Structure formats: structure tokens, C-alpha cells
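Numbering (this note's numbering), first residue to last: 239 to 579.
Here's the structure, in C-alpha cells; my notes come after.
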Amino acid sequence: MQVKSRAALGQLSDMDIRLLRVFKTVVDCGGMAAAELELNIGTSTVSRHVKDLETRLGLSLCRRGRAGFALTPEGEQIYAETLRLLAGVDAFRSRVDEIHQRMGGELHIAVFDKTASNPAAHIGDAIQLFAAQAPDVRLHLHVAPLNAIERGVLDGQFQVGIIPGHRSSGVLTYDELFTETMFLYCSAAHPLFAVSAAQQPQSWDALRSHAFAGLGYHSPNMELTQQVKLSRSATGYDQESIATLILSGCFLGFLPDHYAEPFVRQGRMRAVQPDQFTYHCSFFSIVRTSPQPARVTQAFQAALRQAHQQSFVGPHLTACPLHAAFSPESPSRPNGPLPPS
Numbered sequence: 239m240q241v242k243s244r245a246a247l248g249q250l251s252d253m254d255i256r257l258l259r260v261f262k263t264v265v266d267c268g269g270m271a272a273a274e275l276e277l278n279i280g281t282s283t284v285s286r287h288v289k290d291l292e293t294r295l296g297l298s299l300c301r302r303g304r305a306g307f308a309l310t311p312e313g314e315q316i317y318a319e320t321l322r323l324l325a326g327v328d329a330f331r332s333r334v335d336e337i338h339q340r341m342g343g344e345l346h347i348a349v350f351d352k353t354a355s356n357p358a359a360h361i362g363d364a365i366q367l368f369a370a371q372a373p374d375v376r377l378h379l380h381v382a383p384l385n386a387i388e389r390g391v392l393d394g395q396f397q398v399g400i401i402p403g404h405r406s407s408g409v410l411t412y413d414e415l416f417t418e419t420m421f422l423y424c425s426a427a428h429p430l431f432a433v434s435a436a437q438q439p440q441s442w443d444a445l446r447s448h449a450f451a452g453l454g455y456h457s458p459n460m461e462l463t464q465q466v467k468l469s470r471s472a473t474g475y476d477q478e479s480i481a482t483l484i485l486s487g488c489f490l491g492f493l494p495d496h497y498a499e500p501f502v503r504q505g506r507m508r509a510v511q512p513d514q515f516t517y518h519c520s521f522f523s524i525v526r527t528s529p530q531p532a533r534v535t536q537a538f539q540a541a542l543r544q545a546h547q548q549s550f551v552g553p554h555l556t557a558c559p560l561h562a563a564f565s566p567e568s569p570s571r572p573n574g575p576l577p578p579s
């Protein structure tokens, strides 16, 4: 589609905001047809809205056809700017609600995957407390990788993130919520499954002869992999993908004990030397330090603290203690002797 060059964009109208929201939904859903159900309008109407936006901006935003939906380079830039603009609009709405002494608008919360099955996680209880206090707030709960949650909180896409601690940032504020225990697992199809504990690897050195599947982004999993010098033979980008790689019988991998429990109960997985190959990580809620979080965000943070019944030195932790989670002095280090650095 050829779009003629045009003058700089003038004032944004409500219709422009609406078209940008449609465009964002189309991108998030991966195409016009997929966005139809989310927007509750027909595909032809969705397509017309996107075309209207292209005309309004004087830019070609996407390619659609038999090859599928894809953003143009200009479309990728407009999508990034749309996220920032809509986050600003939502923040403005929250501030106006605060002036009226009521909590309304929307709250976007992003959670690292596979936390619902953790008995130590009381996020559902926090939502119940918050909903009773702020019934007019529309909650949006997202599940995303750790790095995407951090980035989303920083750029305003999410107001609150819940992640495993792995490094601290001066532009984020951390509240410790709960802990998680990780064990090393093999599947019933792996050679170690039928081997007695005495014949299984007894050290991190011995473990290196087996193919290992690990997470492909900075995380406690990656920190451990680097410290004990395990070489990833396969990479996953969430716990579901790590579990799938383990179930193939080709790889060992770490999973949360609560998530792996059904596989163990069904005889499909087994923990390898659980007293030896294990580590623990704490989960934190994160918000931007500046500007000061809106009252809605602060209220949800308070609900999280209340639900998890933690003892806090102050209203917020200012550093993430898991920055050195696997140091020899840390109680969160992996069990068993570490290899020399």
C-alpha cells in the first residue's frame, strides 16, 4: 500500500484514540480476524478502522494478505508510541479519579507464569481485598516473561508486576511477597528416571554430561545455569516450554515443585537428587519509583502486602536481595557444593 507523504499530524481527537486502541488490539491479537472477537466487531470493520488510521497518520502500518499479518517498520514504531500514549491516557484518568476521591479506571497487572499453583502465592486473595476496596476499577491480568514484565512496568504498559527476584533496579520499587522452590526434573523417557538415587549424578560436575534445558532470559534459572556451569542444550521462554522439553526425555530442567507435582504424581516426571539439585527464589511485586504510583496502584500494592502477611521494614523494599541469589553466603543458593568460579 502506497501512502503519500503528508504534513505533520495535527491535534489528536477521541476518534484517533479509538483507532489507536483498535490498532493495538489487532497487533496484540496477531491479525484482523483474531481481533474480531476481542473488539466485538466484524473483520471488515476492523480492517476499515486500521485503514482509516493509516490515512490519518499518512503511514502504512501493516501488511495483510495470504502471507499473514505483519507490521511495517513504521507500524512497529507507531505501536510502541501507541503503548506510551494509551498508558498516559490511563494515568491521566486515574489522576482525575483521585481528584474526585474515588478509584476507577483500569489497572494492568503482569504476573510471571505458573504462580497460581504455588500455595505460597496469595495473589487471588490480594485481588479479592482490592476488589472490595475499589469495585469500580477494571482489572487486567497479564502473564508474561520476566523481562517483558520489567519492561512493561517501566514503559507504563503495566502498573504492577510480580516477578522472581534476579537483579535490582534503582527505577523500580520492590515488595517481597512469597518464595518458590525449584527442583531438577527428568521425565519417564529419560535414562535417569529408572536409575536409583545412588547411581544418579552426585555433583554439579557429574550433571554436566546430561543435556539441560534452561530459560533464555536473565532470571534465577539463568544465574544458576551460569554459576554451576551448566550448558543449555535447549532453551525455553516460559515454564510450560521447559516442562515440554523435559517431557521429551531429551533434557533435564528446573521447574517449580508445585507446577511439576501433577507430572510427578502421574509418573511422568521425577526429581533428580532433590536434596542436592535445588534452589529457592523470592517473588516481588514491582512498580515504577517515579512518578509516584497512582492511588489505585498503591492500593493494590497494599492488598498484596496484606494478603501475603509479610513483615516489612518499611512501606517498600528499595533493593532486590536476590541480586546475589546464588552467592555462597546467600540462603537462596543452590544446594550442594558449587564448582570453582
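All C-beta atoms, glycine included, are put in the ideal place defined by N, C-alpha and C.
Since we're looking at a predicted model, the values are computed, not measured.
Check whether residue i and residue j have beta carbons under 8 Å apart
i: I480; j: C424; result: no
i: L345; j: V375; result: yes
i: A545; j: H360; result: yes
i: Y497; j: P458; result: no
i: L415; j: I400; result: yes
i: L297; j: E312; result: yes
i: F261; j: L299; result: yes
i: P494; j: N356; result: yes
i: G343; j: D335; result: yes
i: G454; j: T482; result: no
Pairwise C-alpha distance: residue j and residue i
i: V327; j: F501; result: 44 Å
i: T527; j: A273; result: 34 Å
i: R571; j: F522; result: Per-residue confidence for R571 stands at a pLDDT of 40, beneath the threshold of 50, marking its modelled position as unreliable; the derived number appears in the next sentence. Taking the straight line from one Cα to the other gives about 18 Å.
i: V391; j: Q397; result: 6 Å
i: L324; j: V265; result: 14 Å
i: E418; j: F492; result: 12 Å
i: H428; j: S441; result: 18 Å
i: V433; j: P439; result: 10 Å
i: C519; j: M420; result: 8 Å
i: P575; j: Y317; result: Note on P575: pLDDT 40, under 50, position unreliable in the model; no value is reported.
i: S406; j: E314; result: 29 Å
i: K289; j: G394; result: 27 Å
i: Q371; j: R503; result: 40 Å
i: Q477; j: N278; result: 32 Å
i: T263; j: L257; result: 10 Å
i: F307; j: T283; result: 16 Å
i: A541; j: P383; result: 23 Å
i: T353; j: P402; result: 10 Å
i: G280; j: R259; result: 16 Å
i: V551; j: A449; result: Summary for V551: the model assigns pLDDT 35, below 50, so the residue's position carries little reliability, and this model does not support an answer.
i: A386; j: Y475; result: 11 Å
i: I255; j: D363; result: 34 Å
i: R286; j: Q464; result: 50 Å
i: R294; j: D252; result: 13 Å
i: H554; j: T535; result: In this prediction, H554 has a pLDDT of 39, which is less than 50 and means its spatial position is unreliable; what the coordinates show is noted afterwards. Cα-Cα distance, rounded: 13 Å.
i: E499; j: R389; result: 31 Å
i: R506; j: F431; result: 9 Å
DSSP three-state assignment for residue i, whether helix, strand or coil
i: G306; result: coil
i: C488; result: coil
i: V265; result: helix
i: H404; result: coil
i: S285; result: helix
i: T411; result: strand
i: H496; result: helix
i: Y423; result: strand
i: A260; result: The sequence as given places Val at residue 260; Ala does not occur at that position. Helix, per DSSP.
i: A432; result: coil
i: G454; result: coil
i: V327; result: helix
i: G313; result: helix
i: T353; result: coil
i: G280; result: coil
i: V502; result: helix
i: V466; result: coil
Cβ neighbour criterion (16 or more within 10 Å) applied to residue i
i: G268; result: exposed
i: E276; result: exposed
i: G408; result: exposed
i: D513; result: exposed
i: T411; result: buried
i: H378; result: exposed
i: L250; result: exposed
i: P531; result: buried
i: R301; result: exposed
i: R304; result: exposed
i: S469; result: exposed
i: Q511; result: buried
Limits of the unbroken beta strand (DSSP E) element including residue i
i: R446; result: Per DSSP, R446 belongs to no beta strand (DSSP E) and is neither H nor E.
i: R526; result: T516 to R526
i: A348; result: E344 to V349
i: A372; result: Per DSSP, A372 belongs to no beta strand (DSSP E) and is neither H nor E.
i: G474; result: R470 to G474
Extent of the continuous alpha helix (DSSP H) run through residue i
i: R533; result: R533 to H546
i: A509; result: Run containing A509: none in the alpha helix (DSSP H); it sits in the beta strand (DSSP E), M507 to A509.
i: L379; result: From DSSP, L379 is part of no alpha helix (DSSP H) but of the beta strand (DSSP E) over R376 to V381.
i: M270; result: M270 to L277
i: G390; result: L384 to L392
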